[in-house]
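> If you scroll down you'll find the structure; I have some questions about it.
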Ligand SMILES: [Fe+2]
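Residue numbers (my numbering): 597 to 896.
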C-alpha cells in the first residue's frame with residue numbers, strides 16, 4: 597500500500613470515528629444514568645457493526661424494510677418482534693444475564709410470542725386442553741423454594757401447542773385452548789392434564805420466517821410446554837419443559853431455548869392404564885411427566 601493510500605485510509609477511519617464520538621457525546625447530558633449507558637453503548641455497538649461489515653446504503657434500506665415488515669405483522673395476537681429476538685438468541689442471552697444460576701433453582705428459558713394474559717383458571721388436577729387436541733398428558737410436581745420449603749399458592753401459568761403444532765392464538769375462531777393458570781395447593785403441589793408436547797415450527801409466513809429461509813435455518817422448535825411461575829418473595833420463573841427423546845433435540849432448537857435440566861421424561865402409558873385421578877381417557881395412550889419446580893428468592 598502506498599503512503600497516500602494509508603493516509604486516505606487513516607482519514608476515512610478518523611471521519612468514521614469522529615461520527616461515533618459525536619453520537620456518543622450527544623447522550624452525555626442524559627439525566628438517567630442507566631438510559632445514558634444504554635444509549636451510548638448501543639451507539640458504539642451499532643456503529644462498530646456498520647464499520648465492521650462496511651454496510652451499504654442498500655443493505656440498510658433492506659434492514660429498515662425488514663423491521664417495518666416485522667412491525668406491520670405484529671398485533672395483539674402475533675408478536676413478530678419477540679420471534680425475531682428469539683431466533684437471534686437475544687431473548688436467551690437476556691434471560692441468561694438476568695437470571696444467574698442460583699443453587700438448585702429451576703432454570704429459565706424463553707418466554708416466546710404465545711403467552712396470553714388472563715388465561716382461564718383451572719383447579720389443581722384440572723384440564724388445560726380446553727378442546728385442543730393431543731395425547732392426554734398428566735403433569736405433576738411440587739413448587740418449593742431453594743431451602744426445600746413448599747410454596748403454597750404459587751401461580752402457575754401453562755401454555756402449549758396442540759398436536760398439530762398450533763397455539764390457540766393461531767386458530768381463526770379466537771377460542772382459548774391449551775392454556776390456563778392454576779395455584780399450587782397448601783403443600784406446594786400441583787397437577788393438571790395437558791397434551792404431550794410435539795415439535796412445531798415457529799410461524800414462518802412472516803419476515804422472520806423469510807430470514808430463516810434465506811439463511812438456511814430450520815424454524816422447528818423442540819417439543820415443549822411453557823410455564824411461568826410467580827410467588828411472593830420469589831423470582832418469577834419463565835421456563836419450558838422439553839420432551840426427552842424428541843429427535844428435534846439433535847437438530848437444534850430454532851430459538852436456542854433448550855437446557856439439559858429442562859429435558860423431562862414424558863412416559864407413555866398403554867391404553868387402559870388407570871389414570872392418576874381416575875378420569876377416563878378412553879381406549880388410547882396417555883403420558884405422564886413429573887416436573888418439580890424450585891424458585892429462586894427475589895432478592896439474592
Ligand atoms: Fe412454544
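The beta-carbon is built from N, C-alpha and C at its ideal position, and this holds for glycine as well.
With DSSP collapsed to three states, give me the class of residue 783.
Counted from its first residue, the chain shown places residue 783 at position 187. Residue 783 falls in the coil class under three-state DSSP.
> Going along the chain, which unbroken runs of the beta strand (DSSP E) with 3 or more residues stay wholly within the stretch 779-848?
Runs found: 785-791, 820-826, 833-839.
> Using the rule of at least 16 other Cβ atoms within 10 Å of the residue's Cβ for burial, across every protein chain shown, is residue 842 buried or exposed?
The residue labelled residue 842 in the question sits at position 246 within the chain shown. Under this definition residue 842 is a buried residue.
> Taking 7 Å as the line, does the beta carbon of residue 783 fall inside it for any heavy atom of ligand 1?
Against the chain shown, residue 783 aligns to sequence position 187. It does not: the Cβ of residue 783 is nowhere closer than 7 Å to a heavy atom of ligand 1.
> Are there any heavy atoms of ligand 1 lying less than 7 Å away from the beta-carbon of residue 708, as far as the coordinates show?
Counting from 1 along the chain shown, the entry for residue 708 is found at position 112. Yes, since a heavy atom of ligand 1 falls inside the 7 Å radius drawn around the Cβ of residue 708.
> Starting from residue 741, trace the beta strand (DSSP E) in both directions and tell me its first and last residue.
As a working mapping, residue 741 is identified with position 145 in the chain shown. Unbroken beta strand (DSSP E) run through residue 741: 732-741.
> If we ignore side chains and look at the alpha-carbon of each, how far apart do residue 614 and residue 697 end up?
Start at 1 with the first residue of the chain shown, and residue 614 comes out as number 18. Start at 1 with the first residue of the chain shown, and residue 697 comes out as number 101. Answer to the nearest angstrom: the Cα atoms are 41 Å apart.
> Should the stretch 783-793 be regarded as contacting the stretch 731-738, the criterion being three or more beta carbon pairs within less than 8 Å?
The answer is yes - the stretch 731-738 touches the stretch 783-793, with three or more Cβ pairs under 8 Å.
> Could you tell me the distance, in whole angstroms, from the CA atom of residue 859 to the CA atom of residue 601?
Looking up residue 859 in the chain shown gives position 263. Looking up residue 601 in the chain shown gives position 5. Rounded to the nearest angstrom, the two C-alpha atoms are 57 Å apart.
> Assess contact between the stretch 774-787 and the stretch 735-751, defined as three or more Cβ pairs (one per stretch) separated by less than 8 Å. Is contact present?
With a cut-off of 8 Å, the stretch 735-751 and the stretch 774-787 count as touching, because enough Cβ pairs lie within range.
> Looking only at its own chain, which residues have a Cβ that is under 6 Å from the Cβ of residue 759, when we skip the five neighbours before and after it?
Here residue 759 corresponds to residue number 163 of the chain shown, with the count starting at 1. Excluding residues within five positions, the ones whose Cβ falls inside 6 Å are 729, 730, 794.
> May I have the straight-line CA-CA distance separating residue 876 from residue 681, to the nearest angstrom?
Here residue 876 refers to the residue found at position 280 of the chain shown. Here residue 681 refers to the residue found at position 85 of the chain shown. Cα to Cα, residue 876 sits roughly 42 Å from residue 681.
> Would you list the one or two residues that DSSP bridges to residue 748?
By 1-based counting over the chain shown, the position of residue 748 is 152. Paired residue(s): none; residue 748 is not in a bridge.
> For residue 755 and residue 749, what's the separation of their Cα atoms in angstroms?
For this step, residue 755 is matched to residue 159 along the chain shown. For this step, residue 749 is matched to residue 153 along the chain shown. If you take the alpha carbons of residue 755 and residue 749, they lie about 19 Å apart.
> At a cut of 8 Å, does the stretch 868-884 reach the stretch 822-835 through at least three beta carbon pairs?
Counting Cβ pairs under 8 Å, fewer than three are found: no touch.
> DSSP three-state label for residue 689, please.
Position 93 of the chain shown, counted from the first residue, corresponds to residue 689. Here residue 689 sits in helix by DSSP.
> Less than 8 Å between the C-beta atoms of residue 723 and residue 623, yes or no?
The residue given as residue 723 occupies position 127 in the chain shown. The residue given as residue 623 occupies position 27 in the chain shown. Taking 8 Å as the Cβ cut-off, residue 723 and residue 623 do not qualify as a contacting pair.
> Within the present structure, is the beta-carbon of residue 884 separated from the nearest heavy atom of ligand 1 by less than 7 Å?
Counted from its first residue, the chain shown places residue 884 at position 288. Not so, every heavy atom of ligand 1 lies at least 7 Å from the Cβ.
> For the beta strand (DSSP E) that contains residue 636, what are its first and last residues?
Along the chain shown, one-based indexing puts residue 636 at 40. Unbroken run through residue 636 is the alpha helix (DSSP H), 629-649; no beta strand (DSSP E).
> Quick one, which of 823, 819, 700 has its alpha-carbon nearest residue 861's?
Position 265 of the chain shown, counted from the first residue, corresponds to residue 861. When only C-alpha atoms are compared, the closest one is 819.
> Specify whether the stretch 673-693 and the stretch 842-851 touch according to this definition: at least 3 beta carbon pairs, one from each stretch, less than 8 Å apart.
Touching, yes, given that three or more Cβ pairs across the two stretches are closer than 8 Å.
> Along the chain, where does the beta strand (DSSP E) that runs through residue 717 open and close?
On the chain shown, position 121 is the one that residue 717 refers to. Segment: none, residue 717 is in no beta strand (DSSP E) and carries neither H nor E.
> For my contact list, residue 823 and residue 753 are in at a C-beta cut-off of 8 Å; report their separation, rounded to the angstrom.
Within the chain shown, the letter at position 227 stands for residue 823. Within the chain shown, the letter at position 157 stands for residue 753. Going by Cβ atoms, the distance from residue 823 to residue 753 rounds to 7 Å, so yes, they are a contact pair.
> Three-state secondary structure (DSSP) at residue 653?
Translated into the one-based positions of the chain shown, residue 653 becomes position 57. It is helical.
> Could you check if residue 817 belongs to the surroundings of ligand 1, using beta carbon to heavy atom distance under 7 Å?
Sequence index remark: in the chain shown, residue 817 carries index 221 (1-based). Yes, the Cβ of residue 817 comes within 7 Å of a heavy atom of ligand 1.
> Taking buried to mean at least 16 other C-beta atoms within 10 Å of its own C-beta, is residue 702 buried or exposed?
Along the chain shown, read from residue 1 onward, the residue named residue 702 stands at position 106. Residue 702 is buried by the Cβ-count criterion.
> Under 7 Å: does the beta carbon of residue 643 sit that close to some heavy atom of ligand 1?
Position 47 of the chain shown holds residue 643. Checking the Cβ of residue 643 against ligand 1 gives no.
> Examine ligand 1 and report whether any of its heavy atoms sits within less than 7 Å of the Cβ of residue 916.
Residue 916 is absent from the model: the chain starts at 597 and stops at 896.
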